[in-house]
Amino acid sequence: DYRVIVVDRPGSGYSTATGAMPGIIGQGAIIADFIQKLGLDRPLLVGHSLGGALSLAVGLDHPHLVRALALIAPLTQPLEQVPESFRGLARIPSGARLAFAQVLGTPLSRLTAKKTLEGVFAPEAVPEDFITRGGGALSARPIAIAAAAADLAGANDDVTAMVGRYAEIGLPVRILFGRQDAILDPAWNGHRTAAVIPGAKIDTIEGGHMIPITAPEACARFVRAAFAAG
66 DYRVIVVDRP GSGYSTATGA MPGIIGQGAI IADFIQKLGL DRPLLVGHSL GGALSLAVGL
126 DHPHLVRALA LIAPLTQPLE QVPESFRGLA RIPSGARLAF AQVLGTPLSR LTAKKTLEGV
186 FAPEAVPEDF ITRGGGALSA RPIAIAAAAA DLAGANDDVT AMVGRYAEIG LPVRILFGRQ
246 DAILDPAWNG HRTAAVIPGA KIDTIEGGHM IPITAPEACA RFVRAAFAAG
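66 is the number of the first residue of the sequence shown in my numbering; add one for each residue after it.
Written as structure tokens, this is what we have:
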């Protein structure tokens, strides 16, 4: 029914990255440029987790390029503390991220993968085939580890700059959270944000942070409704 384009952010998935890693606002500009280069006619922008913050950056700085925002378990507010599952990334020295990732990143990520994934999916179980079918193995690439560490280090600065502008958003915005999300607090990142964006609506369902994987049908219904709202 729909044309779906999935974007790998710089350093994530199959994307590469060179030079300084762009922050959330910079990556939003990259997405905006991507939309224009492909000649897309105001697509619905769907973002999960950090991708939700990128979607908001596009909605703030390039609203004419998209019809609406569908945010699933999005990062929308400054992190008061780094989620336990990502504290290892936060400890990587900023000046040695890529070198660290190239030498130790992949072996260490394999050693800690089970615990990390359990924390990200909590309280739900990690699907047995997530590493392959869900693309989880791609997160063990050195560039992905370095990029994730850079994303984490710079997230609060960009999100803090964006929060004060949320009331400017004139696009339809829909937010979906799992009530038991152990990574991003639904009250802080969901309800608080929906309250300041004009016309924004928030829904919650049973589940944790990875509802696109664990509740795909509910997420698909949410995305269709967000598209219709735009």
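C-beta atoms are modelled at their ideal positions from N, C-alpha and C, and glycine is treated no differently.
Cβ-heavy atom distance, residue i to the ligand GTP, below 7 Å
i      : result
Val185 : You won't find the ligand GTP in this model; it holds no ligand whatsoever.
In DSSP terms, what residue i is bridged to
i      : result
Ile240 : Leu136, Ile267
Leu115 : Note: Leu115 sits in no beta bridge, so no partner.
Leu144 : Answer is none; Leu144 lacks a bridge partner.
Leu125 : The partner list for Leu125 (beta bridge, DSSP) is empty, contrary to what the question assumes.
Leu109 : Ala133
Sequence-distant residues of its chain with Cβ nearer than 6 Å to residue i (five each side left out)
i      : result
Pro143 : Asn221, Val224, Thr225
Arg132 : Arg107, Leu109, Gly295
Pro237 : Ala133, Ala294, Gly295
Ser150 : Thr181, Gly184, Val185
Ala187 : Ala247, Gly273
Whole-number beta carbon distance between residue j and residue i, since they are thought to touch under 8 Å
i      : j      : result
Ala280 : Arg239 : In fact, because the Cβ distance is near 15 Å, the residues do not count as touching under 8 Å.
Arg74  : Gln92  : 6 Å
Ile270 : Ala283 : 5 Å
Phe242 : Ala138 : 6 Å
Ser174 : Ile210 : 6 Å
Val111 : Ala135 : 4 Å
Phe195 : Ile278 : 7 Å
Ile267 : His274 : With a Cβ gap of about 16 Å, Ile267 and His274 do not count as contacting.
Continuous alpha helix (DSSP H) stretch holding residue i: start and end
i      : result
Phe287 : 281–294
Asn221 : 207–228
Phe151 : Careful: Phe151 lies outside any alpha helix (DSSP H) and carries neither H nor E.
Thr197 : 195–198
Gln101 : 89–102
7 Å Cβ shell around residue i - same chain, five flanking residues per side excluded
i      : result
Leu140 : Ser114, Leu115, Gly117, Ala118, Ala220, Val224, Leu249, Asn254
Pro87  : Pro75, Ile95
Arg198 : none
Pro251 : Phe242, Arg244, Thr269
Sequence-distant residues of the same chain with beta carbon closer than 8 Å to residue i, five excluded per side
i      : result
Tyr79  : Asp73, Leu203
Ala212 : Arg74, Pro75, Gly76, Ser77, Ala82, Met86
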